[in-house]
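Undergrad:
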């Protein structure tokens with residue numbers, strides 16, 4: 257049976273998952289008088305391309321080529337590239353076609369906040385709600401009945417069986433690391449939106465392919481971690497350094513230096 261501290265930590269996890277993207281969105285919209293629809297399109301980009309399309313392709317590839325997931329090298333390359341290709345292609349299409357009339361550079365950051373913010377909301381808040389439901393089920397002795405039903409259907413139950421240990425491990429440290437991880441990931445997504453926005457508005461397709469490559473590189477340590485070859489602190493340190501350096505570069509070089517064609521004509 258879980259103590260009250262576990263439920264408190266889960267509650268904090270859910271709250272942080274909501275507060276991080278919502279507070280950043282509100283602050284940015286008020287400060288720059290940006291449109292909420294741009295942020296929502298960023299959120300829709302992640303939902304459609306990362307969750308719906310990419311996950312569907314993963315399932316198909318796993319059925320057809322399971323060896324890719326068994327070999328560490330092929331899995332890391334595959335997982336990293338798929339994340340980069342799907343998310344950056346989604347970003348490219350949305351900015352090019354749905355945001356084609358929004359040429360101000362603030363649009364890029366608005367889209368990035370929506371993209372990364374919804375990911376944070378999904379990973380922290382949605383996962384927290386799931387943990388809360390399962391924790392209640394475990395305390396009420398209902399989880400084993402679910403496991404038995406799933407086993408009868410011939411479905412693997414290892415993930416359900418691991419839940420009690422996973423939930424018990426939720427604490428201030430894991431929540432703090434998770435919050436930092438999502439913060440750095442949001443920084444990456446904002447930077448990627450700036451990069452792809454620049455590629456679209458300036459008709460420089462090379463920056464789009466650069467975004468795919470840099471996104472894939474960012475996801476390499478996470479894929480290696482899933483194979484149990486590196487520790488979580490190593491990933492967190494990599495994410496922190498990579499995201500900050502990447503964001504500072506694209507912000508200074510592309511965002512600050514960005515001008516629309518109208519601005520160039522006027523200044524001339």
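In this note's numbering, the protein residues as written are 257 to 524. Glycine is no exception: its CB is placed at the ideal position from the N, C-alpha and C atoms. Predicted, not measured: the structure shown is a model, and the values here were computed from it.
Rounding to the nearest angstrom, what Cα-Cα distance links residue 512 and residue 360 in this structure?
TA: One C-alpha to the other measures close to 12 Å.
Undergrad: Confirm, please, whether the CB-CB distance from residue 446 to residue 384 is below 8 Å.
TA: No, the Cβ-Cβ distance between residue 384 and residue 446 is not below 8 Å.
Undergrad: Are residue 451 and residue 467 closer than 8 Å when you measure CB to CB?
TA: Contact flag set, yes.
Undergrad: Three-state secondary structure (DSSP) at residue 514?
TA: Coil.
Undergrad: Taking its Cβ as the centre, do 16 or more other Cβ atoms sit within 10 Å of residue 457, making it buried, or is it exposed?
TA: So residue 457 counts as buried.
Undergrad: Are the region 405-422 and the region 330-349 in contact at 8 Å, needing three or more beta carbon pairs?
TA: No, because fewer than three Cβ pairs between the region 405-422 and the region 330-349 fall closer than 8 Å, the two stretches do not touch.
Undergrad: Could you give the distance in angstroms between the alpha-carbon of residue 285 and the alpha-carbon of residue 367?
TA: If I take the Cα positions, the gap works out to 11 Å.
Undergrad: Please report the straight-line C-alpha distance between residue 314 and residue 300, rounded to a whole angstrom.
TA: For residue 314 and residue 300, the distance between alpha carbons rounds to 20 Å.
Undergrad: Let me check understanding here. Comparing Cα to Cα, which of 476, 406, 448, 432 lies closest to residue 345?
TA: The candidate whose alpha carbon is nearest that of residue 345 is 448.
Undergrad: Residue 440: which of 356, 351, 369, 355 sits nearest, CA to CA?
TA: Nearest C-alpha to residue 440: 369.
Undergrad: How would you label residue 427, buried or exposed, when you count the other beta carbons within 10 angstroms and need 16 or more for buried?
TA: Flag for residue 427 reads exposed.
Undergrad: Spatial neighbours of residue 381 within its chain, please: CB distance less than 7 Å, with the 5 preceding and 5 following residues excluded, ordered by chain position.
TA: Within the same chain, residue 381 has close Cβ partners 270, 273, 274.
Undergrad: So the alpha helix (DSSP H) residue 257 belongs to, where does it begin and stop?
TA: Where residue 257 is concerned, there is no enclosing alpha helix (DSSP H), given that its DSSP letter is neither H nor E.
Undergrad: Tell me whether residue 464 sits in a helix, a strand or coil according to DSSP, three-state version.
TA: Helix, per DSSP.
Undergrad: Out of 291, 407, 308, 472, which one is the CA nearest neighbour of residue 365?
TA: The candidate whose alpha carbon is nearest that of residue 365 is 291.
Undergrad: Would residue 377 pass as a contact of residue 294 if the rule is Cβ separation under 8 Å?
TA: Result no, Cβ atoms of residue 377 and residue 294 do not sit closer than 8 Å.
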